[in-house]
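Going letter by letter, the sequence shown gives residues 1 to 404 in the UniProt record's numbering. The structure under discussion appears below in the form of structure tokens.
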Amino acid sequence: MALHSGLCSRLIYSTHPAQALRTAANTLQCFRYSGRTKEENQRHAAYPEIPERPQPEQELVVARGRRRVLKDVLPFSEFLTDSFGRRHSYLRISLTEKCNLRCQYCMPEEGVKLTPRGQLLTTEEVLTLARLFVREGVEKIRLTGGEPLIRPDVLHIITEMRKLEGLKTIAVTTNGMNLARLLPGLKKAGVDLLNVSLDSLVPAKFEFIVRRKGFHKVMEGIDKAIKMGYNPVKVNCVVMRGLNEDELLDFVALTERKPLDVRFIEYMPFDGNKWNFKKMVSYAEMLDRIKQQWPSLETLPGDETGTAKAFRVPGFQGQLGFITSMSDHFCGSCNRLRITADGNLKVCLFGNSEVSLRDCLRSGASDEELLQIIGAAVGRKKKQHAGMFNISQMKNRPMILIGG
Ligand SMILES: C[S@@+](CC[C@H](N)C(=O)[O-])C[C@H]1O[C@@H](n2cnc3c(N)ncnc32)[C@H](O)[C@@H]1O
Ligand code: SF4
1 MALHSGLCSR LIYSTHPAQA LRTAANTLQC FRYSGRTKEE NQRHAAYPEI PERPQPEQEL
61 VVARGRRRVL KDVLPFSEFL TDSFGRRHSY LRISLTEKCN LRCQYCMPEE GVKLTPRGQL
121 LTTEEVLTLA RLFVREGVEK IRLTGGEPLI RPDVLHIITE MRKLEGLKTI AVTTNGMNLA
181 RLLPGLKKAG VDLLNVSLDS LVPAKFEFIV RRKGFHKVME GIDKAIKMGY NPVKVNCVVM
241 RGLNEDELLD FVALTERKPL DVRFIEYMPF DGNKWNFKKM VSYAEMLDRI KQQWPSLETL
301 PGDETGTAKA FRVPGFQGQL GFITSMSDHF CGSCNRLRIT ADGNLKVCLF GNSEVSLRDC
361 LRSGASDEEL LQIIGAAVGR KKKQHAGMFN ISQMKNRPMI LIGG
């Protein structure tokens, strides 16, 4: 695996990671930091004759693996900026591989092979990584899974994360089964945003899709979240042909009186989920159907890195959106990184390259050494995903083992 500082050092480790990390740390005793982003460095290397914007050159001193962070000089962490200039300020952490539902689109019918407990990130490891990423510029963390609300220490993790200076938003994606019960604790611990997954408004169909009972519990969770002031409560609905595409209008109608943001997600291929193109309902098709019912549907401005294309029916309290990862990807503005429950960093949801931060942590790596590993992985992030047909043929994890 190649490690790079992004500026001047490149080394290979082929034996023990800890040994390679130490070599990396020694090599990096002192390197020059120009104040340029990684993209600017690459541009400068390729076209040295083009004058740059004036920048004070600074020495960044790495002493025994500890880096002095020159916040006033760094435009954004070099380690979290990829070679296309994308700044990764949003981290999704999967808290568990387990789940109390068995959604057809997320996991194979026979279940998944769970990672032995000792190989999953501990509470302290989750918090150490969160601290490191936030120190580097991550402003939003989403806790996901598996089902994050079945992890016994979830409230403790959120409470501790809330103390991280610089972390603006803590979000949770949940299937809603334990939501009503945990909501007071989640609010108190400091959860800012809630996404609840719900794929059908018909109880029997809900049960068919998620292979478990629980529709009313999820609805209770959503209503309680609204009462407790979450506005909007986001509802994630994976739309699949022949299963729930006939409920599109009912979901939109829900936004009339409730401050919900219903997000229709294009069905994505993952290992073991039996994806095929015919089952995917595209954004264009969904929008067309909704516009037939509500021709005055308004487009809402989206935020720079937002994944959803947002709309509102005039006069409705809530809004709707489309996550169009398959038919119209948003890789160009992607600012997300993921850490799986077993501690692998995944720079792209649809890419199968991973690096184990858990192994680095457990081999005693310093923050600086970890950042080198993270920076190298981020540096290798591809411009965009390979396209739905290629993705469907590729080996990746089932979604439940990634964390959406
Ligand atoms: C993997 S789940 C984990 C969090 C939680 N258990 C939940 O269901 O909300 C995160 C999100 O991924 C979405 N998801 C899972 N498999 C998907 C697929 N094949 N295509 C699109 N979205 C998917 C789910 O609907 C959910 O909103
Ligand atoms: S989508 Fe969420 S609730 Fe459904 S099986 Fe996957 S992790 Fe569980």
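Cβ atoms here follow ideal geometry from the backbone N, Cα and C, with glycine treated the same way. Remember, predicted model here, so these are calculated numbers, not experimental data.
Of the residues assessed, Arg257 falls on the exposed side of the cut-off, its CB having fewer than 16 other CB atoms within 10 angstroms.
Note on Gly318: 16 or more other CB atoms within 10 angstroms of its CB, so buried under the neighbour-count rule.
Where Gly185 is concerned, the enclosing alpha helix (DSSP H) starts and stops at Leu179 to Ala189. Between Ala341 and Leu95, the C-beta gap is smaller than 8 Å, which places the two residues in contact. A heavy atom of ligand 2 is found nearer than 7 Å to the CB of Glu147. Here DSSP, grouped into helix, strand and coil, assigns Met268 to coil.
Cβ contact annotation for His156 (same chain, cutoff 6 Å, sequence separation greater than five): none. A direct Cα-Cα distance of roughly 26 Å separates Gly332 from Pro232. Two segments are said to touch when three or more pairs of C-beta atoms, one from each, lie closer than 8 Å; by this definition the stretch 385-392 does not touch the stretch 82-101.
Look at Asn175: its beta carbon is less than 7 Å from one of the heavy atoms in ligand 2. Collapsing the DSSP output to three states places Ala225 in a helix.
DSSP places Ile339 inside the beta strand (DSSP E), whose first and last residues are Arg336 to Ile339.
Placement of the Cβ of Arg102 at a distance of less than 7 Å from at least one heavy atom of ligand 2 is found. Judged by beta-carbon spacing, Pro398 lies beyond the 8 Å limit of Cys103, meaning their Cβ atoms are not closer than that value.
Between the alpha carbons of Asp328 and Asn344 lies a distance of about 27 Å. Met107 has its CB nearer than 7 Å to a heavy atom of ligand 2.
Taking 8 Å as the cut-off, the Cβ atoms of Thr173 and Arg142 count as close. Beta-bridge pairing by DSSP links Ala130 to no other residue.
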